[in-house]
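In what follows, a single structure is set out as C-alpha cells and then discussed.
In mature numbering (1 follows the signal peptide of the UniProt record, and there is no 0), the protein residues as written are -22 to -1, 1 to 240.
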C-alpha cells in the first residue's frame, strides 16, 4: 500500500510539473514568471551526445553494456506545507546477444581415452547456454534419449559449454561446432574435425619385441667379446710396446756386461 501511495504521489507531482511548465523542455530554459524553474544538467563523459532529456524522460542512444545500472529520478514541487521531494529508482538491464563463441576441439584422439570439447562466450547477457553439433546434427543433452541410447558415451553441460566423451571411439570422428544462445540471439563457431584412431596394439607389441631383441643381441655380443679378451685392460698395442722395451733392455744389459769384462 505504501508503495502504491508513493507512486500516486509521484504521478501527481509529475502532472503538476507538466501544467506548471507548460511542457517546457528542461534545457537550461526557465519557465514563465510564477512557475517553477527547471534547469537541465549537461551530460558528461560517455553520455555526452548520446543522452537527451525529453519532457521528464531520459533517452539514451546506442545503449551499451556499460549503461546498465540503477538510475534515480528526483522530483520537487512547492506546496502549502513547503517543498515536496519525491524520488524513484529505475534499474536498466542491457541485453546483449552472444558473440562468436570460442570452441576448442582436438584434431585427433585415441580410442578409449577421455576427450573434452570446450565452448565459451564472454559477451552474452543474460549468460548464454550452449549446444553442440556433430556433422550438422544437434547432440542431445541426455544421449540416452537419442536413437543410439546406451551406445553414446558423452556428457554435455549446457551451462559451461563442455562436451566430454568418457570413452571416445572411432564412431565419434566427425565435424563438431558449438552454438551459444540466449533470449537476444545465437551465434556459432566454425566447425572443426576430430579424428579418432584405434590404438595399434599389434604395432606396440612388435616394437617392444624388436627393442628387446636388439638389447639381447647387444648383450650377447658384449659377453662374447669379454670371453675372447677384446675388452682386457692391456691392448695388443700395449703388449707389443712392452715386448719391444724388454728386448731393448736385455741388449743394453748384455753390452754393458761385455764392456765390463774387457
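Just so it is clear, CB atoms sit at the ideal spot from N, CA and C, and this is done for glycine as well. Since this is a predicted model, take the numbers as computed values, not measurements.
*Can you tell me which of 65, 206, 97 puts its alpha carbon nearest to the alpha carbon of residue 156?*
Here residue 156 refers to the residue found at position 178 of the chain shown. When C-alpha distances from residue 156 are compared across 65, 206, 97, the shortest belongs to 97.
_Residues that residue 155 bridges to, as DSSP identifies them_ = Position 177 of the chain shown, counting from 1, holds the residue named residue 155. Looking at the DSSP output, residue 155 sits in a beta bridge with 111.
*Span separating the alpha-carbon of residue 35 from that of residue 49*: Along the chain shown, read from residue 1 onward, the residue named residue 35 stands at position 57. Along the chain shown, read from residue 1 onward, the residue named residue 49 stands at position 71. Spanning the two alpha carbons is a distance of roughly 11 angstroms.
_Pop quiz: residue 95 and residue 154 are said to be a contact at Cβ under 8 angstroms. What is the actual Cβ separation, rounded to whole angstroms?_
Here residue 95 is taken as the residue at index 117 of the chain shown, counted from 1. Here residue 154 is taken as the residue at index 176 of the chain shown, counted from 1. Residue 95 to residue 154, Cβ: 6 angstroms. Contact.
*Going by the beta-carbon positions, is the gap between residue 144 and residue 92 smaller than 9 angstroms?*
On the chain shown, position 166 is the one that residue 144 refers to. On the chain shown, position 114 is the one that residue 92 refers to. It is a contact, given that the beta carbons lie within the stated cut-off.
_Let me check understanding here. Comparing Cα to Cα, which of 109, 152, 85 lies closest to residue 165?_
Taking the chain shown and counting its residues from 1, one reaches residue 165 at position 187. The candidate whose alpha carbon is nearest that of residue 165 is 109.
*Under a Cβ-count criterion, where at least 16 other Cβ atoms within 10 Å of its own Cβ denotes burial, should residue 113 be classed as buried or exposed?*
Against the chain shown, residue 113 aligns to sequence position 135. That one is exposed.
*Near residue 39, what residues of its chain come up, given a Cβ to Cβ distance below 6 angstroms and the 5 sequence neighbours on each side ignored?*
Position 61 of the chain shown holds residue 39. 28.
*asked:* Classify residue 12: buried if its beta carbon has 16 or more other beta carbons within 10 angstroms, exposed otherwise.
replied: Numbered from 1 along the chain shown, position 34 holds the residue referred to as residue 12. Here the model assigns residue 12 a pLDDT of 43, short of 50, so the residue's position is not dependable, and the following value carries that caveat. Flag for residue 12 reads exposed.
_Only counting the same chain, and skipping five residues up and downstream in sequence, which positions put a Cβ closer than 8 angstroms to that of residue 86?_
If you number the chain shown from 1, residue 86 lands on position 108. Answer for residue 86: 172, 173, 174, 175, listed in chain order.
*Where do the N-terminal and C-terminal ends of the beta strand (DSSP E) with residue 56 fall, by residue?*
Counted from its first residue, the chain shown places residue 56 at position 78. Residue 56 -> beta strand (DSSP E) spans 47 to 57.
*Keeping to the same chain, check which residues put their C-beta closer than 6 angstroms to that of residue 51; ignore five residues upstream and five downstream.*
For the purposes of this step, residue 51 is identified with residue 73 of the chain shown, where counting begins at 1. Spatial neighbours of residue 51 in its own chain (CB-CB distance under 6 angstroms, excluding positions within 5 residues in sequence) are listed in chain order as 66.
_Where residue 167 falls, given that 16 or more other Cβ within 10 Å makes a residue buried_ = As a position in the chain shown, residue 167 is number 189, starting the count at 1. A residue is called buried once 16 or more other Cβ atoms fall within 10 Å of its Cβ, and residue 167 is buried on that count.
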